[in-house]
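Undergrad:
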Ligand code: C2O
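Residue numbers (mature numbering (1 follows the signal peptide of the UniProt record, and there is no 0)): 6 to 547.
Put into structure tokens, the structure is as follows:
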């Protein structure tokens, strides 16, 4: 078992994009950041030095952090931020983990520029469960903002309203020719005819779910969120922020120049959306020059949910699965966007939210507020007064958007504000029904769980009904982020076998800021291998 060492220097880097030069926060001066390579079961040590003026933490998204909760990364959940001038070394093991994941900043909105891929290969000598590809490429989707991201978060929250649209969608950091001054800021992937390539596709965007397609080329999905799937061939996929897909692409078309196209998926009602897209070039060797016409990929329209269902319906785990058949911890969690009364959140609001209120989001009607110390530390050291253990197992009310007029906002739109956690016994077999609801709109939410992957045993439109739902306990996909359908539900199952304090939240950054999260505390089991390790002595202090 070897150890992969990395040095991450968080720093300000001057960058020119969209006709504009400014300093952004990067790791090692790179945007996107460096790729972290490891093999299954490797140890990883990443020394993070913060040379930026901002507090920061790094999260290893999709790494389950088996018995290493202290290194998970979400600020004020498992650690205090690394302050400017300070250093912290993250240490974890890729226990039974292979595939494509990502790392990103997990404080303020800094992950808008501070992100990169994690590539975990199988153990030495272990092949992929598909024909070895000719070559592999990482494709990481992002959003580029001209505004400073800490400022952006502050402005959005203090306005009480929704964020402005991003200034550009990016592919491997490049906006592509659809944006100002970006003809030469376009990602180009050179390919040879008659070969099969493995694309490791990651959505690292702050707030936008995105469709992805390559003109005239099919995608054969072989992995999702770092777990192998039965091969599924489709012409386009949608990735929510935090989702990763490995797909095989065969260059079986007329040699030429094809677009890799990325465009928004926006399922909220009453929102019309411009179909702007970002493109990159997928070009057969010899066809890169401007003389060759580009074939454009047709992206679904911004609210096309059928495309997503086609993928979700076909996504199946490849290998043997270990889905809990019996459940001892059933939870039902609503996910919702709501509006608070203007004065209820912070006194300095401008109240630009719907109906003159303040935009908020909640789970089971609780808008989560981060504590100002590490919640994990508060739990471990039994420091009182920073959180409660009364997150409700069931919602008080599910809003039925199927039968409700779009503009008929209920009177009781207020959510409870609090740092409420749900405590779970070690080894519990958990089922969570995630139900999209909300008092102002419904929307597809990419819900991400830290510390565990989960089986998606079912999903559907409308309100969940146990009589009508049928679950796949045979070969459901094993994910860490699930797009809960707009106005619909998803059912996930997992065994809570990793003691610690685990964040579960919407991976759209603005919804997270609005409170769309909860913390699950998984208690210790019997032996040393079932107990939370001691805190690292060099951990940052608040
Ligand atoms: Cu990638 Cu808590 O997130």
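We put the CB at the ideal spot given by N, CA and C, even for glycine.
Treat the numbers as computed from the prediction; the structure is a model and nothing was measured.
1. Please classify residue 308: does DSSP put it in a helix, a strand, or coil?
2. Which residues in the same chain as residue 83 place their Cβ atom closer than 7 Å to its Cβ, once the five residues preceding and following it in sequence are excluded?
3. From 208, 341, 256, pick the residue whose C-alpha is nearest to that of residue 5; which is it?
4. For my contact list, residue 194 and residue 286 are in at a C-beta cut-off of 8 Å; report their separation, rounded to the angstrom.
5. DSSP on residue 20, reduced to helix/strand/coil?
6. At what residues does the alpha helix (DSSP H) containing residue 383 begin and finish?
7. Roughly how many angstroms separate the alpha carbons of residue 243 and residue 252, rounded to a whole number?
8. In angstroms, rounded to a whole number, what distance separates the CA positions of residue 87 and residue 545?
9. State yes or no: is the C-beta of residue 79 nearer than 6 Å to some heavy atom of ligand 1?
10. Let me know the secondary structure DSSP gives residue 81 once reduced to three states.
11. Going straight from the alpha carbon of residue 19 to that of residue 240, what length do you get?
12. Among 272, 454, 105, 66, which one has its Cα closest to the Cα of residue 523?
13. From residue 297 to residue 13, what distance separates their C-alpha atoms?
14. Here's the rule I'm using: 16 or more other beta-carbon atoms within 10 Å means buried, otherwise exposed. How should residue 140 be labelled?
15. Determine the direct distance from the alpha carbon of residue 397 to that of residue 333, and round the result to whole angstroms.
16. For residue 34, count neighbouring Cβ atoms within 10 angstroms of its own Cβ and tell me buried if that reaches 16, exposed if not.
17. Measuring only the C-alpha atoms, how far is residue 259 from residue 541?
18. Can you give the Cα-Cα distance for residue 59 and residue 295, rounded to whole angstroms?
19. According to DSSP, is residue 538 helix, strand or coil?
20. Spatial neighbours of residue 261 within its chain, please: CB distance less than 7 Å, with the 5 preceding and 5 following residues excluded, ordered by chain position.
21. With a CB to CB cut of under 7 Å and the five nearest residues on each side skipped, what residues in its chain are close to residue 485?
TA: According to the data block:
1. coil
2. 74, 75, 77, 379, 381, 506
3. Here the chain comprises residues numbered 6 to 547, so residue 5 is not present and cannot be evaluated.
4. 7 Å
5. strand
6. 380–385
7. 13 Å
8. 6 Å
9. yes
10. coil
11. 38 Å
12. 454
13. 40 Å
14. exposed
15. 16 Å
16. exposed
17. 56 Å
18. 42 Å
19. coil
20. 289, 292, 297, 300
21. 67, 230, 453, 454, 458
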